[in-house]
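Asks: Chains as they are written, first to last, in numbering that gives the first Met the number 0: chain A, 0 to 565; chain B, 0 to 565; chain C, 0 to 283; chain D, 0 to 283. Here you go, one structure.
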Amino acid sequence: MLDFNIKIGGQAGQGMQTIGYILSKIFSRGGYHIFSNQDYQSRIRGGHNFFQIRVAANPVFAATDKVDLLIALDELSIAEHQAELKDSGGIIYDADKSAPPVALSGRFNIPLEKLAVEAGGKKVFVNSVASGAALGLLGYDFKPLEKLLYASFSKKKPETLTANIKAAKAGYQYAEANYASRFVHKLKPQVTTPRLMINGNEAIALGALAAGCNFFAAYPMTPATSIMVYLAGKQQDFNIIVEQAEDELAALNMVLGASYAGARAMTATSGGGFALMTEALSLAGITETPAVIALVQRPGPATGLPTRTEQGDLLFALHAGHGEFQRIIFTPGSAEEAFYLTHKAFNLADKYQIPVLILSDQHLADSYRNIEPFDLSALKIDKYFAKEAPEVAREYQRHKITASGISPRLIPGKSRQLVVTDSDEHTEDGHLTEDLDMRVNMVDKRERKYQGIMAELEPPVLSGAAEADLLLIGWGSTCGVISEVVQRLNAQGRRVSQLHFPQVWPFPKAAVTGIFKAVKRKVLIENNRTGQLAQLLRAETGLSVDDKILKYDGRPFTAAYILERL
Amino acid sequence: MLDFNIKIGGQAGQGMQTIGYILSKIFSRGGYHIFSNQDYQSRIRGGHNFFQIRVAANPVFAATDKVDLLIALDELSIAEHQAELKDSGGIIYDADKSAPPVALSGRFNIPLEKLAVEAGGKKVFVNSVASGAALGLLGYDFKPLEKLLYASFSKKKPETLTANIKAAKAGYQYAEANYASRFVHKLKPQVTTPRLMINGNEAIALGALAAGCNFFAAYPMTPATSIMVYLAGKQQDFNIIVEQAEDELAALNMVLGASYAGARAMTATSGGGFALMTEALSLAGITETPAVIALVQRPGPATGLPTRTEQGDLLFALHAGHGEFQRIIFTPGSAEEAFYLTHKAFNLADKYQIPVLILSDQHLADSYRNIEPFDLSALKIDKYFAKEAPEVAREYQRHKITASGISPRLIPGKSRQLVVTDSDEHTEDGHLTEDLDMRVNMVDKRERKYQGIMAELEPPVLSGAAEADLLLIGWGSTCGVISEVVQRLNAQGRRVSQLHFPQVWPFPKAAVTGIFKAVKRKVLIENNRTGQLAQLLRAETGLSVDDKILKYDGRPFTAAYILERL
Amino acid sequence: MNQTPFDNDVAPAWCPGCGNFMILTALKKALSGLDLKPSQVLICSGIGQAAKLPHYMKCNTFNGLHGRSIPVASGARLVNPELVVMAEGGDGDIYGEGGNHFMHAIRKNINITLLAHNNQVYGLTKGQASPTSEPGFTTKVQTEGVKISMLDPLTTALSLNAGFVARSFSGDIEHLAGVIQQAIGYRGFSLVDILMPCVSFNKLNTFKWYKSRVYKLEDINWDTSNKPAAYEKAEEWGEKIPIGIFYKQARPAYEDLVSVLKGKPLIDREYSPQKVGELFEEFN
Amino acid sequence: MNQTPFDNDVAPAWCPGCGNFMILTALKKALSGLDLKPSQVLICSGIGQAAKLPHYMKCNTFNGLHGRSIPVASGARLVNPELVVMAEGGDGDIYGEGGNHFMHAIRKNINITLLAHNNQVYGLTKGQASPTSEPGFTTKVQTEGVKISMLDPLTTALSLNAGFVARSFSGDIEHLAGVIQQAIGYRGFSLVDILMPCVSFNKLNTFKWYKSRVYKLEDINWDTSNKPAAYEKAEEWGEKIPIGIFYKQARPAYEDLVSVLKGKPLIDREYSPQKVGELFEEFN
Ligand SMILES: Cc1ncc(C[n+]2csc(CCOP(=O)(O)OP(=O)(O)O)c2C)c(N)n1
Ligand SMILES: Cc1ncc(C[n+]2csc(CCOP(=O)(O)OP(=O)(O)O)c2C)c(N)n1
Ligand code: SF4
Ligand code: SF4
Ligand SMILES: [Mg+2]
Ligand SMILES: [Mg+2]
């Protein structure tokens, strides 16, 4: 079965992202399954970044270690990644810029820069040359590339477009003519139905749009920024205002103001920005104001490794904010989950009048897969505003004490009723109180919402036999790589299952307890240092895992990494 | 055994705090043990506040429900508290202002306002009249009151002093003449050695001074403000600068700047302010900058009940800040612990270069006990700055990787060495790095500090038999009331012990596991809704408690409340 | 006192004699004078004595966090522009903890009105200095007196290109109500800094102190369109303190500049999950 | 390039052509020109491209959080006044996220120097508008162009009673170094706003754009003591942009006003736990 891995290395500013994105699209459109991810530094030019594309016949959910084709845009990329090449692998490099890689049969020297300059006079076209060269080497059709370049550069000057296509063609022809025969791997476009090549952040943004989000306020922060950027481009088409706030304190407070006033409102940030939002999170709790917060994690503490990945904020997200209040935490493991859970987040935030967190990370945020288009048919925008019905027509009480814990919500200004809420403990009509019985009643009322919430939990997803010998447990972005590990082990005849948590709070206690009973060995896999889900699991159920495989170097797991440690 | 309970009720601005404080001091100096606490609203005038003083022959650690003497400065106080009176109890009230309390033998109408106006022309002297009246009724000496008024008003105008004393005398004589014979309770000054009548916040402030704290920055927030106020009054005598910051973000960042630059630095706040500090807490973690943070809890979420008490921030404090980093959390249960643990907090913060939290609450903050003077003889100010010794003389590395996890710390400017630190992950010399091996090494280095910290844990304090039938478990300010419950139950012949946690992080796993084995029933007592220590206990040890007694109405436990629920 | 539709029957938790009572009266007068109904008004407040105000009247209320009234008001206004939206709080709240929002909201010019109850002290937390406390003002924390330059919110607002900059005084209800009405009438961000005594904690800037100093800009025929003059006037603080509208300029409100905000309020528009299907092509 | 004791051998992670290189050169030049040693200097920076600067030179460094360089610098300076303390970062860092500290630090006037690298854009996060971006500046977030009034940090600083207000330009190393030296020499809070091109994300305010506009206040014999004139000058932004010291006034530094800070640095004083015994009487 085809499973081909391309890695493009170079400096920030050399356009790896463009090549990577374009090649990924070509293969996606060509009917392959792709998984692409990137590793970049916190700088705009220079340094060392890479982009990997896994092209496979079957669906793939994670990156892999070994490389079939390395496209080295600079010398450092050869040094950094040559060791990852398979024996049958090859390197595209530019001997005018880099010393040739040592002792390797697949050395494909292509004068990238020279061809770029010849084609259009500019070094920046190197990425088009390299894209072409890769396709030439693989014996792939040139047309899909031409078409994509058209689409990408159609808004630029016509010379730029022509030059890029010329550059790509030159690379294609050079590679085809000189090396295609020496490279064993070949790919051909297949007939296919359209798929979505999408990353985690885009999926969150689409999920928000599908939920009728019409207010988004945030402060830029890697790796969350691209959610804001995507939505900003859709303001007019989707009737959503995207506000760049002066800081994260403002961002979440604006979201709460908008939500209170009737909007479906969201923010997105990473750990440091989220830390600044914790006071307002608590405000959402006591004022019972719906809010959706995407917390796209990166390694901390503080600035940490700002462009890398980690799952270090689970317990922080769970306990963030002073005082005790209700929340839901979704932990999507794929673009699909990111989309559907973000959509669901808005409906639940509205229904229960609580903050809902989408806990993602840089790895999920920036990785592309090509997936089946989302099924929109069943999606609804459930708003839970009260009608100004007889029972509320007299004296409306924003925080009426109810059996479900949910009080009727009205939009201020839309009726003669007054919508009053308060960060202090308050009476049913929202006015501050120091009545201690009311306090207890209000705390209990809010806590009762969990009854409803528990009934619509996203259960942990068990894949594989219930009576497995080995259960690999994870949450969030590790879902894909764990599924690959499970597949591989089962292919070897082992009895291994996966337990993935798309929701960690409220914690699906009952389900887990049942599942744990049936399996032998339980191993937790987390991208952090302390095994946070294990702590939560034990706190909630008393259950322990037998082992943990942890990683906290800022990079995602690979199947090989996990397999070595099992 | 004497156990006499006075309650003073009235409006904010009527001076209950003054009467309460003065009477407490009198009985403290008179050789009694006292416990005083107060309940106040978030307003400056009006409303209903009260102050209670428990006067006892033996040490007392908590307030009690039943009242022996109620001093009602307004009508509402009669209505609110009359039901709490014991049969032998009495009420001092002013029939000119309040309707007389119903059906009660001990009704002592004293024209408080009239006497005040006669004595000095001002209604505000009512509190002096009432203080005098209470003493007169009890047959106590008048002199101690006179002496205290002297001390309190010596800086005011002489007329004010004279008038106050006159007012107090009038109240004293009126009560003595008219009612003393009808009130069975009598108190007399005893010979005694000086004690400290001190509350939790004052104890924290003294602990900080004893630790050589020389930089304090904060933003006012009830119930933490009085730490700042106390220290502000000592700036010159104790060489400490007290800075009111523009917000809490600034406060903790200033503390970190000062600490980095060589100071012993601290801040104090409550939940909302702490929420704003969580990003900087994470900064303390990665830059390994010592900091002491007093988090004096009040009920949340958000503004909640700003002048009341709760223990709702344990798990928030434990997980606050993005990313994973080290901290210590002390949870003092008395003024003594508040003092010694604050002192220790500075030494440990310096030694391990981490943030240390003192998790207190409004109840501990504002309650007075009269205690043995702190033993200062053994206290030291341990600073852990590296000498510019041979091994660091060449190339100093602020974040050198060591076996203990502790890197040598130098003061910038004090040698030719450069002190470089960074919120990004960094190399040993403090410069930002994206080297992923270094990342892992740094994370591990920091985490190794816990080895040393674990060796100097404050163990949980077990009072009573190890093989008890019932173990009552608590942390922080519940210590006193639980000890009273235990005493009472044991006096009834039961076998009950207390387990008090003065430190919750790192969690003293080993000790707890041992203790749990020996006891039968385990009941957790916490001033919150969700039983946060129980969650932590289970996460850390897998152990569960059999029952929880929780309270979240903003008021502290009383022994009676707990006893009813056991 | 005249009754207004904004009256409610909650007894304010303020000290007798506090300037906040007068501000409350003036605000209710201003709103009813504009023929507004309580349900048309939203007051977003922070935390402090001043910030308790909306509890003592009828209106939509979001009583949020200390320092954060402005972003809440801004968010609400952008999506629900049929409301008259005000942010309200004390000097510590708005100029201290909330200073960053103050700065940037002025630049952004969303159509909200800011009422800053300026008693030059932190009232609710018992008398610490605020950014507007005068140098030398002694408190239990500022034991040697304030050593920091006093913030003049008007000057700073001017420096940020504010469109409507005014000051009034709680002791002159007519004047205050008038200024508030004009502030509400201004389309854009309007600042009303309101001098008021705190009888419990500010023994320096008392009612008498203010009363004897304030004079009205109207009385000197002030030209509200002259910015350099406004700067100079705003710095006048001493024996005489001007009140009134210092400066006013026509500046488009934020919501008049951003395309998506034009037309129907966002909260009244139609949304459909299926519309997302239109985007799928982008991702192929 | 002349070598200075502040040089180190770390290669900056900035884009070729970035204005930050010139600022780094000017700063090192300024410091060595003052005969300072690296160990006498502390730079507290925030997060952003600008804020990486201290890593590329020898000095004491606290590279903290986005927006929070000023409080860190303030805390350090108060206890360790023998250091020359600077806060440093980008326009987003200092005027956006850190705006509240900017405001209040100016009022407080602690003796630190603030270097704000003003490229009118968020560089590190890839080109969103900053508070100093010009109206109309289009980005991936500000898709219709910036609709907010541009912050002029100098005017706002003036409104806050700043003692030292200057602007320079990365393209004129001599000038910039000179201004930095004067800022360090000023006892109190000094602001140096530094115009600089961001070659990657600001295609509007380019090197050429600045270069063709800036002119020096020295060249017009500017009177640095005239505040109304300074206001007016600070608002000059267009075909011509003045650089230099706009305004300077003698204002006592905070540390010269607070008793406990006079004399020996706090970190050099003696402390003893036993001294607390002196307080026991208070509590009896
Ligand atoms: C984050 C946070 N920090 C501190 C506080 C405590 N606090 C409540 S009100 C207040 C200041 C009140 O002063 P001001 O805003 O001037 O209002 P005033 O009471 O004078 O009307 C403070 C510091 C808080 N509620 N939240
Ligand atoms: C709390 C927080 N929010 C957001 C970020 C992300 N962030 C890093 S740098 C930056 C802005 C950079 O702009 P500027 O300060 O102008 O510096 P420049 O890169 O332009 O020099 C932002 C938003 C962060 N690190 N921390
Ligand atoms: S403390 Fe001051 S501001 Fe607060 S209610 Fe009393 S007088 Fe008014
Ligand atoms: S992005 Fe702009 S500011 Fe950042 S290094 Fe590049 S040119 Fe300089
Ligand atoms: Mg105030
Ligand atoms: Mg910038």
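Even for Gly, the Cβ is constructed at its ideal location relative to N, Cα and C.
Have a look at the DSSP bridge pairing and note the partners of Thr266 of chain B.
Replies: According to DSSP, Thr266 of chain B bridges with B:Ile292.
Asks: Could you name the residues of the segment 406-423 of chain A whose beta carbon sits closer than 8 Å to any beta carbon of chain C, in the order they occur along the chain?
Replies: Per Cβ criterion, the list reads Ile410, Pro411, Gly412, Ser414, Arg415, Gln416, Leu417, Val418, Val419, Thr420, Asp421, Ser422, Asp423.
Asks: Nearer than 7 Å: is that true of the beta carbon of Met220 of chain A relative to any heavy atom of ligand 2?
Replies: Answer for Met220 of chain A: yes, Cβ within range of ligand 2.
Asks: Measure from the C-beta of Lys125 of chain C to each C-beta in chain A and report whether the shortest distance is under 8 Å.
Replies: No, its Cβ sits nowhere closer than 8 Å to a Cβ of chain A.
Asks: Excluding the five sequence neighbours on either side, which residues of its own chain have a C-beta within less than 7 Å of the C-beta of Asn238 of chain B, listed in chain order?
Replies: Once the five neighbours on either side are set aside, the close Cβ partners of Asn238 of chain B are Asn213.
Asks: Taking 8 Å as the threshold (beta carbon to beta carbon), is Ala252 of chain D in contact with chain A?
Replies: With 8 Å as the cut-off, Ala252 of chain D does not count as an interface residue toward chain A.
Asks: Taking the runs of the alpha helix (DSSP H) that are 4 residues or longer, which of them lie wholly in the segment 388-430 of chain A?
Replies: Complete alpha helix (DSSP H) runs here, min 4: 389-392.
Asks: Is Arg67 of chain D closer than 8 Å to Asn252 of chain B when the C-beta atoms are compared?
Replies: Yes; because the gap between Cβ atoms is below 8 Å, this pair is in contact.
Asks: State the start and end residues of the unbroken alpha helix (DSSP H) segment that holds Arg212 of chain C.
Replies: First-last of the alpha helix (DSSP H) with Arg212 of chain C: 206-212.
Asks: Give the DSSP bridge partners of Leu471 of chain B, in chain order.
Replies: In the DSSP output, where bridge partners are listed per residue, Leu471 of chain B has B:Gln497, B:Val522.
Asks: Anything in the segment 86-116 of chain C with a Cβ closer than 9 Å to a Cβ of chain D? List those residues in chain order, please.
Replies: From the segment 86-116 of chain C, only Tyr94, Gly95, Glu96, Gly97, Gly98, Asn99, His100, Phe101, Met102, His103, Ile105, Arg106, Lys107, Asn108 have a Cβ closer than 9 Å to chain D.
Asks: Return the chain-ordered ranges of every beta strand (DSSP E) run that is complete within the segment 187-211 of chain A and spans a minimum of 3 residues.
Replies: Runs of the beta strand (DSSP E) inside the segment 187-211 of chain A: 195-198.
Asks: Which residues, in order along the segment 256-277 of chain C, keep a beta-carbon less than 7 Å from a beta-carbon of chain D?
Replies: Listed by position, the residues of the segment 256-277 of chain C near chain D (Cβ gap below 7 Å) are Leu256, Val257, Ser258.
Asks: Using a Cβ-Cβ cutoff of less than 7 Å, which residues in the same chain neighbour Ala204 of chain A once the five nearest sequence positions on both sides are dropped?
Replies: Within the same chain, Ala204 of chain A has close Cβ partners Ile226, Tyr229, Leu230.
Asks: What does the alpha-carbon distance come out to for the pair Gln361 of chain B and Asn48 of chain B?
Replies: Approximately 15 Å, taken between the alpha carbons.
Asks: Strictly below 8 Å CB to CB, what residues from chain D border Glu245 of chain A?
Replies: Chain D residues near Glu245 of chain A: Gly95, Glu96, Gly98, Pro130.
Asks: In the segment 168-196 of chain C, which residues sit with their C-beta less than 9 Å from some C-beta in chain B, listed in chain order?
Replies: Residues: none.
Asks: CB-CB under 8 Å to Gly322 of chain A, same chain, minus the five flanking residues each way: which ones, in chain order?
Replies: Here the set comprises Ser281, Gly284, Ile285.
Asks: Beta-carbon within less than 7 Å of Lys226 of chain D's beta-carbon, same chain only, minus the 5 sequence neighbours each way: which residues are those?
Replies: Closer than 7 Å at Cβ, skipping near neighbours: Leu157, Tyr246.
Asks: Within the segment 80-106 of chain C, note down every full beta strand (DSSP E) run reaching 3 residues or more, in order along the chain.
Replies: Fully enclosed beta strand (DSSP E) runs of 3 or longer: 83-89.
Asks: Compute the minimum distance between the beta carbon of Phe200 of chain C and the heavy atoms of ligand 3, and state whether it is under 7 Å.
Replies: Yes, the Cβ of Phe200 of chain C comes within 7 Å of a heavy atom of ligand 3.
Asks: Kindly identify the DSSP beta-bridge partner or partners of Gly303 of chain B.
Replies: Partner(s): A:Asp423.
Asks: If I measure Cβ to Cβ from Val78 of chain C and keep anything under 7 Å in the same chain, skipping five residues before and after, which residues do I get?
Replies: Result list for Val78 of chain C: Pro264, Leu265, Ile266, in chain order.
Asks: Applying the 10 Å Cβ sphere with the 16-neighbour rule, what's the burial state of Gly32 of chain D?
Replies: Gly32 of chain D is exposed by the Cβ-count criterion.
Asks: So with CB distances below 8 Å, who are the chain A contacts of Leu64 of chain C?
Replies: Under the 8 Å cutoff, chain A gives Asn252, Glu278, Ala279, Leu282, Ser422.
Asks: Tell me whether Gly118 of chain C, by its Cβ, gets closer than 7 Å to a heavy atom of ligand 5.
Replies: Here residue 118 of chain C is Asn; the residue named in the question, Gly, does not match the sequence. At least one heavy atom of ligand 5 is nearer than 7 Å to the Cβ of Asn118 of chain C, so yes.
Asks: For Ala334 of chain A versus Ile357 of chain A, is the C-beta distance shorter than 8 Å?
Replies: Cβ atoms of Ala334 of chain A and Ile357 of chain A: not closer than 8 Å.
Asks: Report whether the distance from the Cβ of Gly91 of chain D to the nearest heavy atom of ligand 6 is below 7 Å.
Replies: Indeed, a heavy atom of ligand 6 lies less than 7 Å from the Cβ.
Asks: Can you tell me whether Phe345 of chain A is helix, strand or coil according to DSSP?
Replies: It is helical.
Asks: If you follow the alpha helix (DSSP H) that Phe237 of chain A is part of, which residue opens it and which one closes it?
Replies: Run containing Phe237 of chain A: 234-237, per the alpha helix (DSSP H) assignment.
Asks: Is any heavy atom of ligand 5 found at a distance shorter than 7 Å from the C-beta of Ser129 of chain C?
Replies: Indeed, a heavy atom of ligand 5 lies less than 7 Å from the Cβ.
Asks: Could you tell me the distance, in whole angstroms, from the CA atom of Phe324 of chain B to the CA atom of Asp171 of chain C?
Replies: The straight-line gap from Cα to Cα measures roughly 55 Å.
Asks: Flag Val241 of chain A as yes if its beta-carbon sits less than 8 Å from any beta-carbon of chain D, otherwise no.
Replies: Yes, Val241 of chain A lies at the interface with chain D (some Cβ there is under 8 Å from its Cβ).
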